[in-house]
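Counting with the UniProt record's numbering, you get residues 1 to 280 for the letters of the sequence shown. Quick reminder that beta carbons are idealized off the backbone N, C-alpha and C, glycines included. Okay, so here's the structure we're looking at.
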Amino acid sequence: RPERSPPARMRPASRPTPAMTLDVRRGPLEVLIEGLVRGSPAEQAASARKIADSIYRCKGASAVTEAVHALVSVMTDASSRAAHADCLLALNQLVIPGASHSRGTEALEATEGVELCAGVLADTSSTAPAKEQAAKLLRALCTNNVVAQDHAASIGIFPVIVGLIARHGPQSTTGVSPGLRLWLVCVLRVLTGASRGATAMARQAGAVDALVQLAHAGHAHSADMRDAAVQALANFATSPPEIGNNPGPRCMTASRGGTGTARVGSGSRGGSRGRSGSRG
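Set out below in structure tokens:
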């Protein structure tokens with residue numbers, strides 16, 4: 001008579017494979033973070049895209065905070081430039097004011113995030129997709145946040161924004177996509193609605209002329225672009241309240257070799273946390 005196999009409770013437990021051990025000890029987000037920290041630029045980009053796609057299902061504030069720090073670390077590495085657009089895409093998914101998964105909002109300091117975006121916009125070596133994601137993130141950071149608004153104005157963001165908006169011609173020569181130009185106009189609208197000082201800085205940088213050209217461009221731009229330009233122009237016709245003491249614009253110097261910060265030597269993470277500046 002053939003021997004029966006022993007009951008399941010008496011069978012020796014199979015040894016877990018390294019992959020099984022990895023899944024048990026760490027969640028999927030931690031594995032992606034490791035790809036950001038240790039991978040090649042292509043692997044970093046792939047990890048960032050997966051974080052952006054799966055962030056709605058991620059649990060644990062500490063893991064999200066770690067992901068934000070890893071993404072910022074990649075952004076400050078010039079050798080990882082190929083992954084910058086995807087890292088900014090992931091940061092846009094993490095830092096969304098009012099969203100249920102916006103735990104990354106507390107992990108990214110307002111001033112640090114503003115300088116990160118400003119550095120990408122000012123860097124002539126940054127790609128159009130990276131600039132578009134940077135403008136989108138800058139708008140999210142500055143919306144209803146006095147600290148971010150004042151810091152963006154103080155580091156001289158207006159000449160950079162206006163310079164990009166005013167570039168005319170095909171994207172292949174200007175490096176400015178329609179999406180980037182639209183996000184920049186939205187950023188300009190948020191900042192010029194913050195204070196008289198910011199509006200004066202934008203006017204001095206030539207924002208009014210650039211917006212007028214967009215508003216009267218006929219069919220050269222989309223209806224959304226023209227509407228956004230008209231809404232931004234309305235801020236120059238009104239008198240927004242004076243908020244705080246806006247310092248004058250400082251020279252923005254983003255080197256061609258590195259990105260991530262708008263000022264030389266400002267790569268430390270020791271800035272003041274600026275998430276308490278809600279305008280209500």
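- With fewer than 16 neighbouring CB atoms inside 10 Å of its own CB, R38 falls in the exposed class.
- About 4 Å separates the beta carbons of A107 and V68, which is inside the 8 Å limit, making them a contact pair.
- Restricting attention to alpha helix (DSSP H) runs no shorter than 4 residues, the region 70-145 encloses them at 84-94, 104-107, 110-122, 128-142, ordered along the chain.
- In this structure, V74 keeps its C-beta atom at 7 Å or more from the C-beta atom of L32.
- Rounded to the nearest whole angstrom, the C-alpha separation of G206 and S222 is 22 Å.
- According to the DSSP assignment, I165 belongs to the alpha helix (DSSP H) that extends over 157-165.
- Rounded to the nearest whole angstrom, the C-alpha separation of A48 and A140 is 19 Å.
- Secondary structure at V176: coil, using DSSP grouped into helix, strand and coil.
- Contact between A210 and I165 holds: CB atoms are separated by about 5 Å, below the 8 Å threshold.
- L191 sits close to A198, with the two beta carbons spaced by under 7 Å.
- Under the 10 Å beta carbon count, Q44 is surrounded by 16 or more other beta carbons and is classified as buried.
- The beta carbons of K131 and L71 sit no closer together than 7 Å.
- Judged by DSSP secondary structure, T199 falls within the alpha helix (DSSP H) whose first and last residues are 196-204.
- Straight-line spacing of the CA atoms in S62 and S195 works out to 35 Å.
- Contact between L138 and V185 fails: their C-beta atoms lie close to 12 Å from each other, not under 8 Å.
- Your pair A128 and L182 does not check out as a contact, with CB atoms roughly 13 Å apart and the cut at 8 Å.
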